[in-house]
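A.B. asks: Numbering (our numbering), first residue to last: 56 to 486.
For each residue, glycine too, the CB sits at the ideal point set by N, CA and C.
#1: Alpha carbons only, please: which of 373, 462 and 394 is nearest the one belonging to residue 275?
#2: Taking contact to mean at least 3 C-beta pairs separated by less than 8 Å, is the region 323-333 in contact with the region 366-379?
#3: What does a CB cutoff of less than 6 Å around residue 474 pick up in its chain, not counting 5 residues either side in sequence?
#4: Nearest to residue 471 by alpha carbon, out of 365, 310, 243 and 223?
#5: Taking contact to mean 3 or more Cβ pairs, one atom from each stretch, closer than 8 Å, check whether the region 170-186 and the region 149-157 are in contact.
#6: Which of helix, strand or coil does DSSP assign to residue 94?
#7: Would you call the region 306-318 and the region 86-106 in contact, with 3 or more CB pairs under 8 Å?
#8: What does the alpha-carbon distance come out to for the pair residue 312 and residue 303?
#9: Alpha carbon to alpha carbon, how far is residue 495 from residue 190?
#10: Of the residues 453, 348, 237 and 216, which one's Cα is nearest the Cα of residue 164?
#11: Taking 8 Å as the cut-off, decide whether the C-beta atoms of residue 24 and residue 166 are in contact.
#12: Which residues share a DSSP beta bridge with residue 366?
#13: Anyone know if the C-beta pair for residue 321 and residue 300 falls short of 8 Å?
#14: Please identify the residue among 211, 444, 210 and 222 whose C-alpha is closest to the C-alpha of residue 202.
#15: If you draw a straight line from the alpha carbon of residue 267 to that of residue 397, how long is it in whole angstroms?
#16: Label residue 310 either buried or exposed according to how many other C-beta atoms from any shown protein chain fall within 10 Å of its C-beta, with 16 as the threshold for buried.
#17: If you follow the beta strand (DSSP E) that residue 104 is in, where does it begin and where does it stop?
#18: Put residue 277 into one of helix, strand or coil per three-state DSSP.
#19: Give me the Cβ distance between residue 253 and residue 113, rounded to the nearest whole Å; I'm assuming they're in contact under 8 Å.
#20: Tell me the DSSP secondary structure of residue 322 in three-state form.
#21: Rounding to the nearest angstrom, what Cα-Cα distance links residue 449 and residue 212 in this structure?
#22: My parser needs the alpha helix (DSSP H) runs of 4 or more residues fully inside the region 284-361; what are they?
#23: Among the residues of its own chain, which have a CB less than 7 Å from the CB of residue 286, if the five just before and after it don't count?
#24: CA-CA distance, residue 414 and residue 138?
#25: Within the same chain, show all residues whose beta-carbon is closer than 8 Å to that of residue 297, passing over the 5 residues directly before and after it, in chain order.
#26: Only counting the same chain, and skipping five residues up and downstream in sequence, which positions put a Cβ closer than 6 Å to that of residue 281?
#27: Nearest to residue 174 by alpha carbon, out of 159, 204 and 200?
#28: Taking the beta strand (DSSP E) that residue 267 belongs to, which residues open and close that run?
#29: Considering only C-alpha positions, which residue in the set 209, 377, 249 and 388 is nearest to residue 145?
#30: Taking only the alpha-carbon atoms, compute the straight-line gap between residue 467 and residue 403 and give it to the nearest angstrom.
#31: Would you kindly work out how many angstroms separate the C-alpha atoms of residue 192 and residue 255, rounded to a whole number?
#32: Do residue 109 and residue 455 have their CB atoms nearer than 8 Å?
#33: Below 8 Å between beta carbons: does that hold for residue 104 and residue 426?
#34: Tell me whether the beta-carbon of residue 395 lies closer than 8 Å to the beta-carbon of residue 422.
#35: Quick check on the DSSP output: the beta strand (DSSP E) that includes residue 429 runs from which residue to which?
#36: Roughly how many angstroms separate the alpha carbons of residue 363 and residue 279, rounded to a whole number?
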């Protein structure tokens, strides 16, 4: 297959469409749309709440279990293992690696280990192959397939691996239109889904530091006196001048697999220099701050929750708006019941049982399955460890107004760590 770079979509007609969309949304009070379903929430005999959590199921294998698979692929799969936040060797990982790389590419990438930054010359020496040939292959992987990343200018360009998730999963799929997906991309998405569904990523939740924090939906904190600038998306993005939006890769994968929820996709956001790079590569659409705020407002109205990064590259950041049925980060809780990768919330909902009608709308609207309502026996359950403090339950409870958001006692604002170079964010921009 010949790889071609995606061309930017910046036609006049599209600008007009987005301008019309802005006018349609502007000044409109948030009304949560209820025609979307969350497959992680069930209604069982009148009891509305989370589905039974799945247990991670990674069946660990050894090289000897794959006698017909070239060793170079197995070594690459090993490189994407636990040292790079991936799973141990398993069928799903091997299948994905065999699809991501040609055997020629794998013969080079086998020599690129987790945490290493290597030039084409260094890898050529290890692979015993011509330097120019190796550089050409690395350029395809870094600048056309977006599987690995590069830093610096030739001839001192250094190449490095990024995790499958968060990492290559996003850089491979991020784009402005589903129409640009090739059969290779679609197969990658399906193979990635099979790997994710083993639950390997959820297992990491217990041993990793939180990488993101979810923001309360705007309407839920309009009258909350304890809300901080920290809690508002508009404040979070105020330090940036450049923004680009693309399709959410998690919902893309579920759509390809026939399990899409139908919620808006164009809300994956790059900020700062990475936004300009994404647009230059044709993988993001530049927007003004006001349009971005309207996009996020529509996302919230569709039951999506926006997150902010706790690990950034200097001058850059990213954000997306998630659902509990598609988002890989949320599903670590909503599907596998393993909190840990998400920062503790600033707020938790408090219910006035005298006002509660036990209608179940709050449980249906909770993306994490933190609320259980027995509509027949009029009881309510709340799993605080699953709650991300998004406030969608409160927005659903407009009629009874039985819910309020209360600050968590002793809450401390998590530190945002800034990297001067490297890391996943530099990967998003392809630098």
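C.D. replies: Looking at the atomic coordinates:
#1: Within the chain shown, numbered from 1, the residue matching residue 275 stands at position 220. The option with the nearest alpha carbon to residue 275 is 462.
#2: yes
#3: Taking the chain shown and counting its residues from 1, the one referred to as residue 474 is at position 419. Around residue 474: 368.
#4: Position 416 of the chain shown, counting from 1, holds the residue named residue 471. Comparing Cα positions, the closest option is 365.
#5: no
#6: Here the question's residue 94 lines up with position 39 in the chain shown. DSSP places residue 94 in coil when its eight states are reduced to three.
#7: yes
#8: Along the chain shown, read from residue 1 onward, the residue named residue 312 stands at position 257. Along the chain shown, read from residue 1 onward, the residue named residue 303 stands at position 248. Looking at the two C-alpha atoms, the distance is approximately 15 Å.
#9: Past the edges of the chain, shown from 56 to 486, lies residue 495, and the structure says nothing about it.
#10: Position 109 of the chain shown holds residue 164. Of the candidates 453, 348, 237 and 216, the one whose C-alpha sits nearest the C-alpha of residue 164 is 216.
#11: Lying before the first or after the last residue shown, residue 24 is absent from the chain, which here runs from 56 to 486.
#12: Within the chain shown, the letter at position 311 stands for residue 366. Paired residue(s): 472.
#13: As a working note, residue 321 is residue 266 in the chain shown. As a working note, residue 300 is residue 245 in the chain shown. Closer than 8 Å, so yes.
#14: What you label residue 202 is simply residue 147 of the chain shown in a count that begins at 1. Of the candidates 211, 444, 210 and 222, the one whose C-alpha sits nearest the C-alpha of residue 202 is 222.
#15: Reading the chain shown from its first residue, position 212 is the one you call residue 267. Reading the chain shown from its first residue, position 342 is the one you call residue 397. C-alpha separation (whole angstroms): 6 Å.
#16: Position 255 of the chain shown holds residue 310. So residue 310 ends up on the buried side.
#17: Position 49 of the chain shown, counted from the start, is the residue given in the question as residue 104. Residues 102-105.
#18: Residue numbering aside, residue 277 sits at position 222 when the chain shown is read from its first letter. Residue 277 falls in the coil class under three-state DSSP.
#19: Working through the chain shown from its first residue, we reach residue 253 at position 198. Working through the chain shown from its first residue, we reach residue 113 at position 58. Right, the Cβ-Cβ distance comes to about 5 Å (below 8 Å), so this counts as a contact.
#20: Stepping through the chain shown from its first residue, residue 322 is reached at position 267. Reduced to three states, the DSSP call for residue 322 is strand.
#21: Numbered from its first residue, the chain shown carries residue 449 at position 394. Numbered from its first residue, the chain shown carries residue 212 at position 157. Cα to Cα, the separation comes out at about 51 Å.
#22: 288-291, 304-311, 328-335 and 344-356
#23: On the chain shown, position 231 is the one that residue 286 refers to. The residues are 270, 271, 276 and 401.
#24: Taking the first residue of the chain shown as 1, we reach residue 414 at position 359. Taking the first residue of the chain shown as 1, we reach residue 138 at position 83. Whole-angstrom Cα-Cα distance: 47 Å.
#25: Against the chain shown, residue 297 aligns to sequence position 242. Excluding residues within five positions, the ones whose Cβ falls inside 8 Å are 326, 327, 328, 330, 331 and 341.
#26: In the chain shown, counting from the first residue as 1, residue 281 sits at position 226. The answer, listed in chain order, is 462.
#27: Translated into positions along the chain shown, residue 174 becomes position 119. The residue with the shortest Cα to Cα distance from residue 174 is 204.
#28: Residue mapping note: residue 267 aligns to position 212 of the chain shown, counting from 1. Per DSSP, residue 267 belongs to the beta strand (DSSP E) from 267-269.
#29: The residue given as residue 145 occupies position 90 in the chain shown. The residue with the shortest Cα to Cα distance from residue 145 is 249.
#30: Position 412 of the chain shown, counting from 1, holds the residue named residue 467. Position 348 of the chain shown, counting from 1, holds the residue named residue 403. Looking at the two C-alpha atoms, the distance is approximately 14 Å.
#31: Stepping through the chain shown from its first residue, residue 192 is reached at position 137. Stepping through the chain shown from its first residue, residue 255 is reached at position 200. Going from the Cα of residue 192 to the Cα of residue 255 covers about 30 Å.
#32: Here the question's residue 109 lines up with position 54 in the chain shown. Here the question's residue 455 lines up with position 400 in the chain shown. Not closer than 8 Å, so no.
#33: Walking along the chain shown from the start, residue 104 turns up at place 49. Walking along the chain shown from the start, residue 426 turns up at place 371. Against a cut-off of 8 Å, the Cβ pair of residue 426 and residue 104 comes out as a contact.
#34: Counted from its first residue, the chain shown places residue 395 at position 340. Counted from its first residue, the chain shown places residue 422 at position 367. No, these two residues do not count as a Cβ contact at 8 Å.
#35: Along the chain shown, read from residue 1 onward, the residue named residue 429 stands at position 374. Segment 426-429, the beta strand (DSSP E) holding residue 429.
#36: Here residue 363 corresponds to residue number 308 of the chain shown, with the count starting at 1. Here residue 279 corresponds to residue number 224 of the chain shown, with the count starting at 1. Between residue 363 and residue 279, the C-alpha separation is close to 20 Å.
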